[in-house]
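Sequence order for the protein chains is A and B. So the first sequence is residues 1 to 196, counted in this note's numbering. So the second sequence is residues 1001 to 1489, counted in this note's numbering. Here is the structure we will look at.
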Amino acid sequence: MALRLGSLRFPWRRSGAAGDPYWDAFINRPPADIRNMIPEIVGCAPEGNVYPTPTELHSTNVTTSHVKELAAYLGTQLVGIVDLSQQLPEVARGYPFAVVCAVRAEHDPATARGPGGQAPVQNGQFATFIVASWIREMGFRATMKIDVPAEQRERLAVVASLGRLNAHGRLTVPTYATKIYVADIIFTDLPMVADG
Amino acid sequence: MHETIKRPVGTVSVIGKTPAAPGTSTPDAATVESVVARRAREAKNAGATAVYEASQSITELGSPLVAPDGTLRMVPNLGRTVHVVGTVTNVDVNDGPHPKNIRGELGKAMNQWYTKTVAKDPLMRCTDNSHAADKRNFLTTFTNAASKGAVNPNRTPVADPKVLSQHIKRVAKHLGADLVGIAAANPAFMYAAGSRYVQDGTANDAYQKLTPDELAKRFPFVIQATVAWDHKTLQAHRHHVGDMSYHASTMQAAMILKSIEGYIKELGYTAIRGAVNPQGAGLAAGLGELGRNGMLITERFGARVHMPDPILTDMALVADKPIDIGVEDFCKVCRKCASNCPTNSITFGPKIVYNGIEKYKINWLTCYKIRPFVADHYGSCLTCVAVCPFTKPDAWWRRVGGKLLSTAPIPLRKPVVRALKWIDDRFWGEFPSKRVRFMGYDTGLMPGDHACTIKECTADHAEPAKVIEGNVGYYAPIKKNTEAYVKRG
């Protein structure tokens, strides 16, 4: 987003999408065939089994830092852990912890339905899929198959100290403000230390 | 722009086999070189990746202008590091190392390791397809095997291919690609007819029966995009952390290309995968140059990129040109990858002509065969990638060095290369072994040692806690040990 002061414009460089006649369709036009969309493909993927032999863990604070380190490595901008024992049972769904990952979102995936608008969903899936798989391969339960509405995901992000809700009820975080998308929540029984 | 025509009457045409037609002779090297040089000049003048000249004089088999089945081809311009100098027999993807191994052609031990071994490390199990405990925990299982969406019948009209090319590149960058390029399709870098590289084991596109020449004619452009490996974790080559660096980027690149493939279909054009040799496409698209280590070396990331399966499309685009970043000059002098290779699979010698292509060729068999012996420590070696002087963080000082080399006139590059190599050896070491700590892994531990080196950890481990001083990494197998059993050829 450029800052305009009369005829002056900051930053000087033009936006990459300026003058691109196809850009709006890329961001906003819903797909004619949903099978052409990665979020649909990955969202429908079944989850793998939990590895039968649990891996020997470090202390919980170190394990927590490893989960966050992996998620950050895979491209998430913010990662937080929620202690679900402090939440209502319909939120916790029988799991003690939730990993909340948030990625930068230039466009709101709820309104920008094109492949470009869904890029944050794709980026979030990339990170959460691998983190959840890694937890399962360490011998602990981890699932993203619990349908959590966007509002509830944002509330969990607030509980994980990633940001706060603004007057419109939208998640606002430092650096990215509301240009943030909370990816699928990972529910897990991997022992960790909760944020917040 | 791109056209393939039939060879004049009288040619025996057998796909995949070189016919022994009477009177057929291989043209002498000087003739071939002159034709290649002339075509490069013409391509430069025409501002195109390659040009086709129907009235060219060499029509003999063995010429770079004639396919094994007798059809005439344009010679792909692959830059300074790779030259097509003879007949290129299109490679069947099933002749690659992994398919050969799956069929048991590399011996029982190799086959057992590849098909029946589950990795001991959880990070490996969720990032390495062939050693996963449950393939459903491996992301690319789904992105590659996904049901293919339909091509949108409402085709988006293309007014200016240049604008669309820029758009596609912008799309790839928006989806997370670090590098993207467009190449003019050429039969020389297509897989053999009917051969498709698909990890889900099925190729159900309707064009599978087309020959490489027909495919290149039907789909004139190739889009190649990729994601660079993280430099810090790559320093833990010959370690699970280095494997993860490699596999995470390949998974992301596969996801991005699948997404671009879907988007092209949404625009109303056909996009097929698994038909094009990724390195050939990367070279022609100007993503990099081929190094001594057999890897594509790029301007910004060096060798730390993997060339994934590119997209072949009938969308009207404008092809990029091969680049010259000085890899040709550097690899002649450097040989650091060859010195560091644990299996001595990289040549110290000059380029050779293999399958009609002049290039540095590694010994893939010795490179591959070490893997079962080191499976407890790593899956993919990556030493040649990590030690390559081009493989550095994408920082200003690296860009200055790169510019210094690529902008120097070719005759003056040798002293520049020697200076840069000297700096690289002094700062990064002739045999780099950097200690990397990531997610509790520590390459400061000797191979085979098991201990916790995390200060903050208070867990009661079965193995004792250990404090390691210094910044040296120990990677398995250590070079001096491998000299004993892998003799240099």
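Backbone N, C-alpha and C define an ideal beta-carbon position, used for all residues, glycine too.
*Top-ranked residue by Cα proximity to alanine 1459(B), from Val50(A), Asp195(A), Ile34(A), Val62(A)*: By one-based count along the second sequence, residue 1459(B) stands at place 459. The option with the nearest alpha carbon to alanine 1459(B) is Val62(A).
*Return yes when the Cβ of isoleucine 1264(B) is within less than 9 Å of the Cβ of isoleucine 1168(B), no when it is not.*
Position 168 of the second sequence, counted from the start, is the residue given in the question as residue 1168(B). Position 264 of the second sequence, counted from the start, is the residue given in the question as residue 1264(B). It is a contact, given that the beta carbons lie within the stated cut-off.
*Take every Cβ of the region 1160-1167 of chain B, pair it with every Cβ of the region 164-184 of chain A, and state whether three or more of those distances are shorter than 8 Å.*
Contact fails between the region 1160-1167 of chain B and the region 164-184 of chain A, because fewer than three Cβ pairs, one in each stretch, are under 8 Å apart.
*What in chain B is Cβ-close to glycine 80(A), meaning under 9 Å?*
Position 80 of the first sequence, counting from 1, holds the residue named residue 80(A). Going along chain B, no residue has its Cβ under 9 Å from glycine 80(A), so there is no contact; the nearest lies around 18 Å.
*Count the other CB atoms within 10 Å of the CB of proline 115(A); is the residue buried (16 or more) or exposed (fewer)?*
Taking the first sequence and counting its residues from 1, the one referred to as residue 115(A) is at position 115. Counting the other CB atoms within 10 Å of its CB gives proline 115(A) a total of 16 or more, which places it among the buried residues.
*Return yes when the Cβ of aspartate 1134(B) is within less than 9 Å of the Cβ of tyrosine 51(A), no when it is not.*
What you label residue 51(A) is simply residue 51 of the first sequence in a count that begins at 1. What you label residue 1134(B) is simply residue 134 of the second sequence in a count that begins at 1. Cβ atoms of tyrosine 51(A) and aspartate 1134(B): closer than 9 Å.
*Report all residues from its chain with a CB closer than 6 Å to the CB of glutamate 1328(B); omit the five preceding and five following residues, and keep chain order.*
Counting from 1 along the second sequence, the entry for residue 1328(B) is found at position 328. The residues are Arg1080, Thr1081.
*DSSP beta-bridge partners for threonine 1116(B)?*
Sequence index remark: in the second sequence, residue 1116(B) carries index 116 (1-based). In the sequence as presented, threonine is not what sits at residue 1116(B); that position holds lysine. Bridge partners of lysine 1116(B) according to DSSP: none are assigned.
*Please classify alanine 202(A): does DSSP put it in a helix, a strand, or coil?*
What is shown of chain A runs 1 to 196, which leaves residue 202(A) out entirely.
*Report buried or exposed for lysine 1258(B), applying the criterion of at least 16 other Cβ atoms within 10 angstroms of its Cβ.*
Within the second sequence, residue 1258(B) is the residue found at index 258, counting from 1. Around the CB of lysine 1258(B), 16 or more other CB atoms lie within 10 Å, so the residue is classed as buried.
*Secondary structure at tyrosine 1368(B), three-state DSSP: helix, strand or coil?*
Within the second sequence, numbered from 1, the residue matching residue 1368(B) stands at position 368. DSSP places tyrosine 1368(B) within a helical segment (H, G or I) once states are collapsed to three.
*So leucine 156(A) is in the alpha helix (DSSP H); what residue range does that whole segment cover?*
Position 156 of the first sequence holds residue 156(A). Per DSSP, the continuous alpha helix (DSSP H) segment holding leucine 156(A) begins and ends at 150-159.
*asked:* By DSSP's criteria, glutamate 1358(B) is part of a beta bridge. Which residues make up the other side?
replied: Here the question's residue 1358(B) lines up with position 358 in the second sequence. For glutamate 1358(B), which the question treats as bridged, DSSP gives the partners His1083(B), Val1353(B).
*Are the C-beta atoms of glycine 1444(B) and some chain A residue less than 9 Å apart?*
Position 444 of the second sequence, counting from 1, holds the residue named residue 1444(B). Residue-level contact by beta carbon fails for glycine 1444(B) and chain A, as no gap is shorter than 9 Å.
*Going by the beta-carbon positions, is the gap between threonine 1391(B) and alanine 1303(B) smaller than 9 Å?*
Translated into positions along the second sequence, residue 1391(B) becomes position 391. Translated into positions along the second sequence, residue 1303(B) becomes position 303. Contact check for threonine 1391(B) against alanine 1303(B) passes: the beta carbons are separated by less than 9 Å.
*Residue(s) in a DSSP beta bridge with glutamate 1463(B)*: In the second sequence, residue 1463(B) corresponds to position 463, counting from 1. Answer is none; glutamate 1463(B) lacks a bridge partner.
*Apart from the five residues on each side of it in sequence, which residues of its chain come closer than 6 Å, Cβ to Cβ, to asparagine 1471(B)?*
Along the second sequence, one-based indexing puts residue 1471(B) at 471. For asparagine 1471(B), where only same-chain residues beyond five positions count, the Cβ hits under 6 Å are Arg1435.
_Need the endpoints of the alpha helix (DSSP H) that alanine 1133(B) sits in, please._
Here residue 1133(B) corresponds to residue number 133 of the second sequence, with the count starting at 1. Per DSSP, alanine 1133(B) lies in no alpha helix (DSSP H) and is assigned neither H nor E.
*Using only alpha-carbon positions, find the residue among Val82(A), Met37(A), Gln86(A), Val99(A) that is nearest to valine 121(A).*
Position 121 of the first sequence, counting from 1, holds the residue named residue 121(A). When each option's Cα is compared against that of valine 121(A), the closest is Met37(A).
*Among Leu1287(B), Asp1128(B), His1239(B), which residue has its Cα nearest to the Cα of valine 1180(B)?*
Start at 1 with the first residue of the second sequence, and residue 1180(B) comes out as number 180. Nearest C-alpha to valine 1180(B) among Leu1287(B), Asp1128(B), His1239(B): Leu1287(B).
*Give the C-beta separation of phenylalanine 26(A) and valine 1171(B) to the nearest angstrom, bearing in mind that I take them to be a contact with Cβ-Cβ under 8 Å.*
On the first sequence, position 26 is the one that residue 26(A) refers to. On the second sequence, position 171 is the one that residue 1171(B) refers to. The beta carbons of phenylalanine 26(A) and valine 1171(B) sit about 6 Å from each other, so the pair counts as a contact at 8 Å.
_N-terminal and C-terminal residue of the beta strand (DSSP E) that phenylalanine 1221(B) is part of_ = Taking the second sequence and counting its residues from 1, one reaches residue 1221(B) at position 221. Annotation for phenylalanine 1221(B): the continuous beta strand (DSSP E) segment containing it runs 1221-1226.
*Residues of chain A with CB under 9 Å from asparagine 1111(B), in chain order?*
The count along the second sequence starts at 1 and reaches residue 1111(B) at position 111. For a Cβ distance threshold of 9 Å, nothing in chain A lies close to asparagine 1111(B): the least Cβ distance comes to about 24 Å.
*With a Cβ-Cβ cutoff of 9 Å, do isoleucine 1362(B) and glycine 1294(B) count as a contact?*
By 1-based counting over the second sequence, the position of residue 1362(B) is 362. By 1-based counting over the second sequence, the position of residue 1294(B) is 294. Cβ atoms of isoleucine 1362(B) and glycine 1294(B): closer than 9 Å.
*asked:* Cβ closer than 7 Å: which chain A residues qualify as neighbours of aspartate 1134(B)?
replied: To locate residue 1134(B), count along the second sequence from 1; it is residue 134. Those within 7 Å of aspartate 1134(B) in chain A are Gly48, Asn49.
*Please list the partners that tyrosine 1269(B) has in chain A, where partner means a Cβ-to-Cβ separation under 9 Å.*
Numbered from 1 along the second sequence, position 269 holds the residue referred to as residue 1269(B). The contacting residues do not exist; tyrosine 1269(B) stays about 12 Å from chain A at best.
*Taking 9 Å as the CB-CB limit, is phenylalanine 126(A) close to chain B?*
Position 126 of the first sequence, counting from 1, holds the residue named residue 126(A). At least one chain B Cβ lies under 9 Å of phenylalanine 126(A).
_C-alpha gap between glycine 1379(B) and tryptophan 1113(B), whole angstroms_ = Looking up residue 1379(B) in the second sequence gives position 379. Looking up residue 1113(B) in the second sequence gives position 113. Going from the Cα of glycine 1379(B) to the Cα of tryptophan 1113(B) covers about 11 Å.
*What's the gap between the Cα of threonine 143(A) and the Cα of phenylalanine 1373(B)?*
Locating residue 143(A) in the first sequence gives position 143, counting from the first residue. Locating residue 1373(B) in the second sequence gives position 373, counting from the first residue. Looking at the backbone, the Cα of threonine 143(A) and that of phenylalanine 1373(B) are separated by about 35 Å.
*asked:* Just verifying my parser: in three-state terms, what is the DSSP assignment at aspartate 1243(B)?
replied: In the second sequence, the residue the question calls residue 1243(B) occupies position 243. Three-state DSSP puts aspartate 1243(B) in a helix.
*Return the residue from the list Leu1215(B), Thr1141(B), Tyr1360(B), Ala1271(B) that minimises the CA-CA distance to methionine 1251(B).*
Here residue 1251(B) is taken as the residue at index 251 of the second sequence, counted from 1. Nearest Cα to methionine 1251(B) within the set Leu1215(B), Thr1141(B), Tyr1360(B), Ala1271(B): Thr1141(B).
*How should glutamine 118(A) be labelled, buried or exposed, when 16 other C-beta atoms within 10 angstroms of its C-beta is the threshold for buried?*
Your numbering for residue 118(A) matches position 118 in the first sequence. Here glutamine 118(A) is buried, its C-beta having at least 16 other C-beta atoms within 10 Å.
*Could you name the residues of the same chain whose beta carbon sits closer than 6 Å to that of tyrosine 1368(B), not counting the 5 residues immediately before and after it, in chain order?*
Your numbering for residue 1368(B) matches position 368 in the second sequence. Within the same chain, tyrosine 1368(B) has close Cβ partners Pro1097.
_At 3 residues or longer, what runs of the beta strand (DSSP E) sit wholly inside the region 1166-1220 of chain B?_
With a minimum length of 3 residues, the continuous beta strand (DSSP E) runs that stay inside the region 1166-1220 of chain B are 1179-1184.
*asked:* Looking at the secondary structure, which residues open and close the beta strand (DSSP E) in which isoleucine 1272(B) lies?
replied: Locating residue 1272(B) in the second sequence gives position 272, counting from the first residue. Annotation: the continuous beta strand (DSSP E) that includes isoleucine 1272(B) extends over 1271-1273.
*Going by C-alpha distance, which of Ile1102(B), Pro1350(B), Ala1225(B) is nearest alanine 1281(B)?*
The residue you call residue 1281(B) lines up with position 281 of the second sequence. Shortest Cα-Cα distance from alanine 1281(B) to any of Ile1102(B), Pro1350(B), Ala1225(B) involves Ala1225(B).
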